[in-house]
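Asker: Next up is a structure, given as structure tokens.
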Amino acid sequence: MIVPSETVKHLTKTQLFNAVGSSSYNLCMSEDCDVIYFNDDNTYYSADIIVPVWFKTDANPKYICYCSKVTKEEIEQAVFMYDAKTIKDVVKITGAMKNADCIHNNPTGKCCSEFIKQVIEQSLTK
35 MIVPSETVKH LTKTQLFNAV GSSSYNLCMS EDCDVIYFND DNTYYSADII
85 VPVWFKTDAN PKYICYCSKV TKEEIEQAVF MYDAKTIKDV VKITGAMKNA
135 DCIHNNPTGK CCSEFIKQVI EQSLTK
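Quick note, our numbering runs 34 ahead of the 1-based positions in the sequence shown.
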């Protein structure tokens, strides 16, 4: 997954900000890998990033909506306890997607709606 440098700059620790540059980065999607962002010039690890990346094994908490700080567990609760079946239901119950600034808050640099949908679908099949 390609992530804009603007996202990487916003989510790396302050002392690393200037090294990010203007090139886009790849987001390492491997759950067990400590690498978060990489390109030909730089590599950033979990310890270099100011937020836990939800799909990494050791992420705590596992935010799905970073802008509103809504976790995977809260979305699962919305499905199991409040019968949420759609993104709209989850938004109403959890407050997800209310403070949208995804390019700066979400490690993907994108809206969390697809990830919310994935959690709903996974929860409904449990």
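By construction, the Cβ of each residue, glycine as well, lies at the ideal position given by its N, Cα and C atoms.
With C-beta atoms as the reference, is TYR100 less than 8 Å away from ASN139?
Answerer: Within the sequence shown, residue 100 is the residue found at index 66, counting from 1. Within the sequence shown, residue 139 is the residue found at index 105, counting from 1. In this structure, ASN139 lies closer than 8 Å to TYR100 by Cβ.
Asker: Return the residue from the list ALA118, LYS119 and MET131 that minimises the CA-CA distance to SER102.
Answerer: If you number the sequence shown from 1, residue 102 lands on position 68. The shortest C-alpha separation from SER102 is found at MET131.
Asker: When the distance is taken between beta carbons, is THR142 closer than 8 Å to VAL37?
Answerer: As a position in the sequence shown, residue 37 is number 3, starting the count at 1. As a position in the sequence shown, residue 142 is number 108, starting the count at 1. Their beta carbons are under 8 Å apart, which means VAL37 touches THR142 by this criterion.
Asker: Assign PHE51 to buried or exposed, taking buried as 16 or more other Cβ atoms, counted over all protein chains shown, within 10 Å of its Cβ.
Answerer: Locating residue 51 in the sequence shown gives position 17, counting from the first residue. Classification of PHE51: exposed, given that the 10 Å Cβ count is below 16.
Asker: Quick one: does the C-beta of GLU155 sit closer than 7 Å to a heavy atom of the ligand SAH?
Answerer: Among the components modelled here there is no ligand, and therefore nothing to report on the ligand SAH.
Asker: Tell me CYS99's beta-bridge partners as DSSP assigns them.
Answerer: If you number the sequence shown from 1, residue 99 lands on position 65. Paired residues: VAL104.
Asker: Determine, using beta carbons only, whether ASP68 and SER80 come nearer to each other than 8 Å.
Answerer: Position 34 of the sequence shown, counted from the first residue, corresponds to residue 68. Position 46 of the sequence shown, counted from the first residue, corresponds to residue 80. In contact: ASP68 and SER80 (Cβ atoms closer than 8 Å).
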